[in-house]
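Engineer: Here the sequence shown stands for residues 16 to 617, where the numbers follow this note's numbering. Backbone N, C-alpha and C define an ideal beta-carbon position, used for all residues, glycine too.
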Amino acid sequence: MIKKIALSCLIACLLAATAIAQEIPQVANVLARQTTSLNGEWNYIVDVQEEGYYDYRMNPMRWGFFADAKPKRPEDLIEYDFDKSPTMHVPGDWNTQDPQLYFYEGTVWLKRSFEYHPEEGHRTLLYFGAVNYDTHVYVNGRKAGHHIGGFTPFNYDVTDLMRDGSNTVIVKVDNKRHAEDVPTQIFDWWNYGGITRDVMLVSVEPTYVENYKLSLNKTPTGKKSQRQITFSAKLNKAETGQTVTLSIPELKVKLQLATTADGTVQTVLKVKNLQLWSPENPKRYHVEIGLGSEVMVDSIGFRTIEAHGKQLLLNGEPIFLKGICMHEEKPYGGGRANSTADAHTLLTWAKELGCNFVRLAHYPHNEYTIREAERMGILVWSEIPVYWTIAWTNPQTYQNAERQLTDMISRDQNRANVIIWSIANETPHSAERDQFLGRLAQHARSLDDTRLISMAMEVGSASNYHNRLRDNMHEYVDVVSFNQYIGWYRDVNDAAKMTWEIPYDKPVIVSEFGGGAKYGLHGEKNQRWTEEFQENLYRENLSMLDKIDGLAGTTPWILKDFRSPRRVLPGIQDYYNRKGLLSDDGEKKKAWHILKAWYENK
Ligand code: GCB
C-alpha cells in the first residue's frame, strides 16, 4: 500500500516536472495581437475554508478541480466537480454577481472549458488583464503559475499545457487582505474579487515583439518643423539580426531595424510637420510594428511634458490641470468597470465638468479607460495601490509594489495622455517609508523618462490657518501633490482663510479635497451631508486654491459616489463614500456646478 502511494506521488511529481508553463514578461498591446477571448460564463465554487487547496496538498488523489498534476485523467475530475456549480460572467467581480458574495473576501475557484486548436509552430500565451488578488492558474489540470496583485496584467506561456481540442482553465482567486500586501489591510474602496478584466489566449510566433516604445524627444522650442521621435522595441528573446519593422504612413516613416545581441532595437527618427497630441487636438498616428508574419497596429500620439520651476509644460506651453479623481467603478449599478463604454460614460461626465485631466485612483485602471481618455483628449495620472500604511520594511512588499509599477508602465508607456506616474497615496512619514518610496521613484524614472513622477502626500504641519507642506519625498518627485480635507476632516468652514506654504520649486497639484453629501438631502450650509454643505465646502476650498503659489492643477475627491465597506452610516452612507459630485446614479449635486464654473474660468 505504502509503495503504491509512493508510486503515485512519484508519477504526480514527474508530471508536474514535465509540465512546462512559465510566467513571462507582459506582452504589450495585447489587443492588437492574434487573440482568442476566454471572456464569458465561467463556473465557480466558493471555497471559504480553502478546502480545495489544502486538501489537495495533503492528498492529491482526493480532489480534482484544482490539480497541479494528476496521475490519472485529471480532466474527468475537473468536469465532475465544476459541472454542478453556477456560473458568473468574466470579466466581472463576484460581489455584484452573486448577492451572497457582496461582502465576500476569500477564495473562489473559477473554471472555463473551451475548444482550441493551437496554431502549428506558434506559442500560446494565457493573458489576464487583472485578477484580484492572489491567483493560481491551472491549465488542463496542470499548474501554469501564481500571481499576486489585483490591477495589472500577467501572462503565461502555456504552449506545453494546451491540447488540440477541448481545454480547461481553472483559476483560484483569493482576495483576503493581508498587512504585507499592496494595498494593505485597510483601504477605502470596495475589494471587488475575481477575474475583473479580460482573459485571452494569445497566439505568437516563437520570437515576437514583447514591447515597444515611441516617444517624442524634448526639443527646444522654435524647432517645431523638425521633431525627433525615439523608437525602441524588445523581443521576447535575446536574438540578434531579427528584422523589426516600423511604419507610420502619415509621417512617411518606414523602417527596418536589425536586433542587437540583446534582442532589442533603438533609433531616433526625424519627422517633419508633426501634429502634437493635446487635450484640444488629441491627434494619434496610425503605427504598425512588425516582426515576421506578425504586425501590431497602434494609435500613438506625441507630446512632451515637463516641470519647469513651478510650471507644468505640455508641449512646451504652460497648462493648468483641471482634474477630478475617479475610481474604477461602473457608472451605474456598481461593480468593477471594464469596457470602453463604461470609460466613455465616466470620462464624458469628467469632460462635462470641464476637466482636461483625471486622477485614476488608487490603482492602475483598465487599458480601455486609458485608451478612451487618450482618444477623448483627457490627460491621466496613473497610480499604484501603495496606500496609507504599507509594510515598509518587508522586502516582498517592496517587490510586489515594484512589480505593479513596472507592469503599469509597460502596459501604458505608449499612451500620450498619461503624464504622471504616481507611486503612493497619503503615506505617513518615516525613514522606512522614505526609503521604500525613494526606491520606487527611482525605479519609475529608470523605466520611463518621458513622464513626471508624483505621489499624493499628506500635509505635514498645520496651525489654525497656516499650513506647511513638508515631505522628504519632495526630492524624488517632479510634481508636489498633496491631499487635504479642510472643511471635512479638519472641521473648519472657512477654508478660504487658509494660507499655504509649499517650500519646493516644483509644480503643485492638490490631489484631493472634498466632503460628503447625500444627493437630494438639503439643509443649511453648515449641516453635514447636505448638498449645501458640500457646495459651500467647494466654494471655500476653491478660493483657497486660488491663492496657492505654483498651483498647476487639482483633482478633487471625487467624480462619483463609490462603494466602500468603511462607510457604514445608515440612511446616509449605506456603504458608499458620498464625496462624489455625482450620486451613485449619476445625478449632479450642487457642488458639481461650483467646480464646473471654476474650471470654466481657468
Ligand atoms: C483620502 C483617500 C481616499 C479616501 C478619501 C476619503 O484621503 O486618499 O482614498 O476615499 O480620503 O473619502 O476619506
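(1) With respect to 6 Å, is the separation between the Cβ of Glu441 and the closest non-hydrogen atom of ligand 1 below this value?
(2) Who pairs with Arg138 in a beta bridge, going by DSSP?
(3) Could you pull the DSSP bridge partners for Gln652 from this structure?
(4) Quick check on the DSSP output: what are the complete beta strand (DSSP E) runs of length 3 or more inside the segment 157-234, in order along the chain?
(5) Assuming Asn440 is part of the beta strand (DSSP E), what are its boundary residues?
(6) Could you give the first and the last residue of the continuous beta strand (DSSP E) run that contains Met472?
(7) Alpha carbon to alpha carbon, how far is Arg77 from Glu389?
(8) With which residues is Lys249 paired in a DSSP beta bridge?
(9) Where does Glu56 fall in DSSP's three states?
(10) Using the C-alpha atoms, what's the distance from Ala145 back to Leu597?
(11) Given the structure, does Asp203 come close to ligand 1, in the sense that its CB is under 6 Å from one of the ligand's heavy atoms?
(12) Candidates Ile185, Lys191 and Thr50: which alpha carbon is nearest Gln64's?
(13) Hey, Gly624 and Thr122: beta-carbon distance below 7 Å or not?
(14) Could you check where the beta strand (DSSP E) with Lys269 kicks off and where it finishes?
(15) Please classify Leu584: is it buried, with 16 or more other beta-carbons within 10 angstroms of its beta-carbon, or exposed?
(16) Does the structure place the segment 449-456 close enough to the segment 401-417 that three or more beta carbon pairs sit under 8 Å?
(17) Kindly confirm or deny that the segment 248-257 and the segment 215-231 touch, where touching means at least three C-beta pairs closer than 8 Å.
(18) So, helix, strand or coil for Arg4, using DSSP?
(19) Return the CA-CA distance between Trp403 and Asn440, expressed in angstroms with no decimal places.
(20) Near Trp613, what residues of its chain come up, given a Cβ to Cβ distance below 6 Å and the 5 sequence neighbours on each side ignored?
(21) Just mark Gln257 as buried or exposed, buried being the case when its beta carbon has 16 or more other beta carbons within 10 Å.
(22) Starting from Lys126, follow the beta strand (DSSP E) in both directions and report where the run begins and ends.
(23) Taking C-alpha atoms, which residue in Trp204, Asn330, Glu417 and Phe169 lies nearest to Asn232?
(24) Verify the contact flag: Asn592, CB atom, against every heavy atom of ligand 1, threshold strictly below 6 Å.
(25) Do Ser218 and His137 count as a contact pair if the criterion is CB distance below 7 Å?
(26) Using 8 Å for Cβ pairs, my map puts Asp213 next to Asn54. What's the rounded Cβ distance?
(27) Quick one: does the C-beta of Asn482 sit closer than 6 Å to a heavy atom of ligand 1?
(28) For the alpha helix (DSSP H) holding Gln450, just list the boundary residues, first then last.
(29) For Tyr491, tell me which candidate among Arg483, Met470 and Leu484 has the shortest Cα-Cα distance.
(30) For Ser293, which of helix, strand or coil comes out of DSSP?
(31) Looking at C-alpha atoms only, which residue of Thr282, Ile210, Arg127 and Glu134 is the closest neighbour of His162?
Structural biologist: In short:
(1) Flag set: Cβ of Glu441 near ligand 1.
(2) DSSP links Arg138 through a beta bridge to Val219.
(3) One cannot answer for residue 652 here, as it falls past the ends of the chain, which runs 16 to 617.
(4) List check, beta strand (DSSP E) in window: 157-163, 169-172, 180-189, 214-219 and 224-231.
(5) It spans Val433 to Asn440 - the beta strand (DSSP E) in which Asn440 sits, taken as one unbroken run.
(6) Unbroken beta strand (DSSP E) run through Met472: Leu467 to Met472.
(7) In this predicted model, Arg77 has a pLDDT of only 42, less than 50, meaning its place in the structure is not dependable; the value taken from the coordinates is given anyway. Using only the alpha carbons, I get a separation of about 51 Å.
(8) Lys249 is bridged to Asn226 and Thr279.
(9) It is a strand residue.
(10) Distance between the alpha carbons of Leu597 and Ala145 is about 27 Å.
(11) Answer for Asp203: yes, Cβ within range of ligand 1.
(12) Of Ile185, Lys191 and Thr50, the residue nearest in Cα terms is Lys191.
(13) Residue 624 lies beyond the stretch modelled for the chain, which goes from 16 to 617, so this question has no answer here.
(14) Val268 to Ala273 is the span of the beta strand (DSSP E), which, as asked, contains Lys269.
(15) Leu584 sits exposed, since fewer than 16 C-beta atoms from the chains shown fall within 10 Å of its C-beta.
(16) Verdict: yes, contact present.
(17) Counting Cβ pairs under 8 Å, three or more are found: they touch.
(18) In the structure as shown, the chain starts at 16 and stops at 617, and residue 4 therefore has no counterpart that could be examined.
(19) Each residue's Cα considered, the two are about 6 Å apart.
(20) So the list reads Leu557, once near-sequence residues are dropped.
(21) The C-beta of Gln257 has 16 or more other C-beta atoms within 10 Å across all chains shown, which makes the residue buried.
(22) Note, Lys126: beta strand (DSSP E), Thr122 to Tyr131.
(23) Looking at the Cα atoms, Asn330 is the closest of the given residues.
(24) Checking the Cβ of Asn592 against ligand 1 gives yes.
(25) Contact: yes.
(26) Right, the Cβ-Cβ distance comes to about 6 Å (below 8 Å), so this counts as a contact.
(27) No, the beta carbon of Asn482 sits no closer than 6 Å to any heavy atom of ligand 1.
(28) Start and end: Ala446 to Leu462.
(29) Checking every option, the nearest Cα to that of Tyr491 belongs to Met470.
(30) Annotated three-state conformation of Ser293 is coil, per DSSP.
(31) Residue Ile210 holds the alpha-carbon nearest to the alpha-carbon of His162 among Thr282, Ile210, Arg127 and Glu134.
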